[in-house]
Structures are given as structure tokens and as C-alpha cells.
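Reviewing the structure listed below.
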């Protein structure tokens, strides 16, 4: 009589470990499905208003450097810096001679974006813990005071004289530099903060000079 075949061996595979479904950049610990549903299915107006509120929160930090909050860097964006850069380039090009309007517009645009890129690379080489686009976002938002100075100089600057314009531009230069250094210094090693701040001052000084001479 033949022997009965052995019982089939039951093989149990270990269940995979639970993975965190949270995504950074403001998503927190929400599951991916919830995040996608909240951003895809929401109305266009609500999406626009959310971006506007995000830009407004960053502008508040720039307007009052004493309330600098590094956590705002987690939700970086380039809409605000792009708008401010275009506004500054447009204002300065309007006041330029007709033959130099396009040159001034291009120069401002190139200086803002290339300059912020160089400052960002310098901060990263010094051991900064911020990402490339986070630094671009900070430097771009912090040209807001110089944009205000350009509006002042173009509108009534020719009436009040050079020295008043110099005082206004110098004040806005200090304002912009203080706001940006307040953000970046918290993300750079303490013994290298001076090396990270020096290119920032040069960056805003070049923009301030263009605002002053227009």
C-alpha cells in the first residue's frame, strides 16, 4: 500500500512594514489619497486663494523681520519672487531712457535670479541646511523693500532730491538685508554665518544701486 503524500507546507510571508504616507512641504502627516483629493477636487478659486494666502504670509515675515519664522520655508514658492522681480524690472525700465528700457529690464531680471542663485550656492557650500529653491524663495521675497523704494524714487524721487532718495534706498537696503539674513542665518552653521551674510549684502547692494541711479 502506498504512503499518503505529505501535507502541503503552508508558507507565510511576512507582511511589509507600514509606510508613512505623509509628504513634506506643508502636507504634514496626511495620507497621500487625502492630499490628492483635497488639491485635485477643490475649486480653482480656492486653489488661487490658498496660494495668495501663502504669498501673504511670507510677505508679512519680510515686512516685519522681527517675526521671522523659519517654518514658512517649508512651503516655498516662486510666484512671489517672480512677481516682485517683474514689478521691479518694469518700474526701473519705465524710468530709463527709451534706448535703454529693454537693457534695464533684462539687467534687473538677470541680476535678481543669477545673483540669488550664486548666494544660494554659497550658503549650501558653507553647510546650510536649506534647499536651493527655499533660498531662492527667501531672497526673492526680500526684494520687496527695494521694490517699494523703486516706486518712491520713480514717482517723487526727482522732486525731493538725491539725498532723500539715498536715505530711502539705504533704509530699504537694510530692511531687505535684515529680513533675508534673519531667514538664512538660522539655517547656516553659527561659525560661518558671516561668510553667508556677506554675499547677501552685496546682492541687495547691487539692486539698491540700480534703484538709486534710475
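Residue numbers (the working numbering): 721 to 934.
Beta carbons are placed, not taken as given, at the ideal position from N, Cα and C, and that holds for glycine.
Under three-state DSSP, which class holds residue 883? Helix, per DSSP.
Assuming residue 815 is part of the alpha helix (DSSP H), what are its boundary residues? Secondary structure note for residue 815: it is in no alpha helix (DSSP H), with a DSSP letter that is neither H nor E.
Excluding the five sequence neighbours on either side, which residues of its own chain have a C-beta within less than 6 Å of the C-beta of residue 909, listed in chain order? When the five nearest sequence neighbours on each side are left out, the beta carbons in the same chain lying within less than 6 Å of the beta carbon of residue 909 are those of 847, in order along the chain.
Would residue 853 and residue 779 be called neighbours here (beta carbons separated by less than 8 Å)? With respect to residue 779, residue 853 sits apart: the two C-beta atoms are not nearer than 8 Å.
Since residue 855 and residue 904 are thought to touch, with beta carbons under 8 Å apart, how far apart are those beta carbons, to the nearest angstrom? The C-beta distance from residue 855 to residue 904 rounds to 7 Å, short enough to fall under 8 Å.
With distances taken Cα to Cα, identify the nearest neighbour of residue 882 among 927, 861, 932. Checking every option, the nearest Cα to that of residue 882 belongs to 932.
Would you kindly work out how many angstroms separate the C-alpha atoms of residue 919 and residue 826, rounded to a whole number? C-alpha separation (whole angstroms): 21 Å.
Inter-residue spacing [alpha-carbon to alpha-carbon] between residue 769 and residue 763: Taking C-alpha positions only, residue 769 is separated from residue 763 by approximately 10 Å.
Report all residues from its chain with a CB closer than 7 Å to the CB of residue 913; omit the five preceding and five following residues, and keep chain order. Excluding positions up to five away in sequence, the list reads 905.
Just the Cα atoms here: how many angstroms apart are residue 900 and residue 783? Whole-angstrom Cα-Cα distance: 11 Å.
Can you tell me whether DSSP reads residue 863 as helix, strand or coil? Residue 863 sits in coil when the DSSP states are folded into three classes, being neither helix nor strand.
At a Cβ threshold of 8 Å, is residue 928 touching chain C? The question asks about chain C, but that chain is absent: this structure has only one protein chain.
Is any heavy atom in the ligand ZN found nearer than 7 Å to the beta carbon of residue 893? Among the components of this structure there are no ligands whatsoever, and the ligand ZN is therefore not found.
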